[in-house]
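Asks:
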Amino acid sequence: MDAILHATPGNPIPGNPLAGFFQGHKGVRLRYAVFRSSAPKVLGTIVLVHGRNETIEKYFETIRDLTERGFWVATYDFRGQGGSERLLKDTRKGHVARFDHYIRDLEIFLEEIVLPDTRLPFFLVAHSTGGLIALKAAPRLANRIERMVLSAPFVGLAGQKTSPENIRRLATLASLTGFGSMTLNKDEPLKPFEGNPLTSDALRFARNQRILADHPELALGPPTARWLYESQKAIDHIRRPGHLASITVPTVIIAPGNDPIVPFHYQESLAQYFRAGQLVPVPGARHEIFQEQDRYRKQAMAALFAFMPGGEPEEADPVSELTDTTLEA
Numbered sequence: 027m028d029a030i031l032h033a034t035p036g037n038p039i040p041g042n043p044l045a046g047f048f049q050g051h052k053g054v055r056l057r058y059a060v061f062r063s064s065a066p067k068v069l070g071t072i073v074l075v076h077g078r079n080e081t082i083e084k085y086f087e088t089i090r091d092l093t094e095r096g097f098w099v100a101t102y103d104f105r106g107q108g109g110s111e112r113l114l115k116d117t118r119k120g121h122v123a124r125f126d127h128y129i130r131d132l133e134i135f136l137e138e139i140v141l142p143d144t145r146l147p148f149f150l151v152a153h154s155t156g157g158l159i160a161l162k163a164a165p166r167l168a169n170r171i172e173r174m175v176l177s178a179p180f181v182g183l184a185g186q187k188t189s190p191e192n193i194r195r196l197a198t199l200a201s202l203t204g205f206g207s208m209t210l211n212k213d214e215p216l217k218p219f220e221g222n223p224l225t226s227d228a229l230r231f232a233r234n235q236r237i238l239a240d241h242p243e244l245a246l247g248p249p250t251a252r253w254l255y256e257s258q259k260a261i262d263h264i265r266r267p268g269h270l271a272s273i274t275v276p277t278v279i280i281a282p283g284n285d286p287i288v289p290f291h292y293q294e295s296l297a298q299y300f301r302a303g304q305l306v307p308v309p310g311a312r313h314e315i316f317q318e319q320d321r322y323r324k325q326a327m328a329a330l331f332a333f334m335p336g337g338e339p340e341e342a343d344p345v346s347e348l349t350d351t352t353l354e355a
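Numbering of the sequence shown is given in our numbering, commencing with residue 27 and proceeding in unit increments.
#1: With a CB to CB cut of under 6 angstroms and the five nearest residues on each side skipped, what residues in its chain are close to Glu111?
#2: Could you have a look at Gln235 and say whether DSSP puts it in helix, strand or coil?
#3: Look at the alpha carbon of Asp116 and the alpha carbon of Arg252, and state the distance between them as a whole number of angstroms.
#4: Pick from Ala281, Arg124, Pro286: whose alpha carbon is nearest that of Ser295?
#5: Please list, in chain order, all residues of the same chain as Leu92 whose beta carbon is under 6 angstroms from its beta carbon, the five residues on each side excluded.
#6: According to DSSP, is Glu172 part of a helix, a strand, or is it coil?
#7: Alpha carbon to alpha carbon, how far is Ser63 from Gly120? Give it in angstroms, no decimals.
#8: I'd like the span of the beta strand (DSSP E) that includes Ile279, first residue to last.
#9: According to DSSP, is Pro363 helix, strand or coil?
#10: Could you name the residues of the same chain whose beta carbon sits closer than 6 angstroms to that of Phe245, not counting the 5 residues immediately before and after it, in chain order?
#11: With three or more beta-carbon pairs closer than 8 angstroms as the criterion, would you say the region 81-95 touches the region 316-330?
#12: Can you grab the Cα-Cα spacing for the pair Ser69 / Leu330, in whole Å?
#13: Throw me the rounded Cβ distance for the Ile129 and Asp103 pair, which I believe falls under 8 angstroms.
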C-alpha cells in the first residue's frame, strides 16, 4: 500500500499520525491527517488550513511545533491540490468550480473528522487562501471554533505581471464565456529561490522544493481563470462591512510586512469593520511566514501561542505585548 504522507530529507513526519481520505463536497476525495500531541496536558485541537498550492508535508515543522506545545493538529489538502483528488484532466491546473466548495469541504472535515476524532476545544490556523476560506466561513463557525489565527489571508492580490484589475477582467471574461479552465500565466514547475515572494529562508525554501521534486504528484501549477474569478468574488464578499461585523470568533491576523502577494495594506484595511480581529504586523517577513527565517517565524509562532488559551504561561499577557495594531471600528 502506498504511503499517504511522505517524508523527505530534513522533513520527517511528526509522530505517528492518523492519515487517510474523506469524501468532501460532491464526493471529491480529500487527503487528511490528524497529529496527536504527546504532551502531558492537551490544550485542544488546531484545524490547520493551508494556502493554494500547499500540502500537508509542507507544514510538518509547524505541526511539530504545535504538538510539542500540547495541541493536536487536524489538517487536509484542498480539493484539486496536494494529495487530494484533482478536478481537471490537466492535473497541474489549480481549479475550483465554486469557492463555496472549499467552505463546504471545511465544514465536512469539522463534522466527520475533527468532531469525532480529536480533542476539544477547537481552534483554526489558516494561511493565505485558507485565511480567505476561514473569513468567509467564520459567521457559521462561531459555535465550533474558539479562536482563529490567519497568516497573510488572501484578501487582495498584487505582485503579478498583470495588474489586479486586468487579472479580474480577464478571469471574469474567461469564466463567463466557457473558458474557465484556462490559465492566465505559464506553468513553472520548480521556481528559483532568487527573487521568490514567499520566503527569505533559503533552507526552508529548498526543503519545500524537495518535497515537490521527490513527489511531483503533489505539485500544482498556476490557477485557472475560474479559480481567480471565484476567489475575487469571495474577497469582495468578505470585505463587506456587514460580513466583517458578523464575525464573532476572536481572531488574530499575522500580517507579513514585506508580502508582495497580499500586501500589508490589504490586510490592514480589514481594520475598520473587523471588530473581532487584531492585527500583528511582522515587518520584513514575506508571504509564507511559517516558512520564513527564524527571526520572522518566531514572532508569528509567539503571537499564535500567546493567543491560544493555555499556549503560554498564565502570567503572560496574551497578544497585547505582541500587537502593534488593534482592529477597531
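Just so it is clear, CB atoms sit at the ideal spot from N, CA and C, and this is done for glycine as well.
Replies: Reading from the atomic positions:
#1: Val54, Arg55
#2: helix
#3: 14 angstroms
#4: Ala281
#5: Ile72, Val99
#6: strand
#7: 33 angstroms
#8: 277-282
#9: For the chain, the structure presents residues 27 to 355; residue 363 sits outside this window and is missing.
#10: Note on residue identity: the sequence assigns Ala, not Phe, to residue 245. For Ala245, where only same-chain residues beyond five positions count, the Cβ hits under 6 angstroms are Leu238.
#11: yes
#12: For clarity, residue 69 is Leu in the given sequence; the question names Ser instead. In a straight line, the C-alpha of Leu69 is about 13 angstroms away from that of Leu330.
#13: 16 angstroms between Cβ atoms; not a contact.
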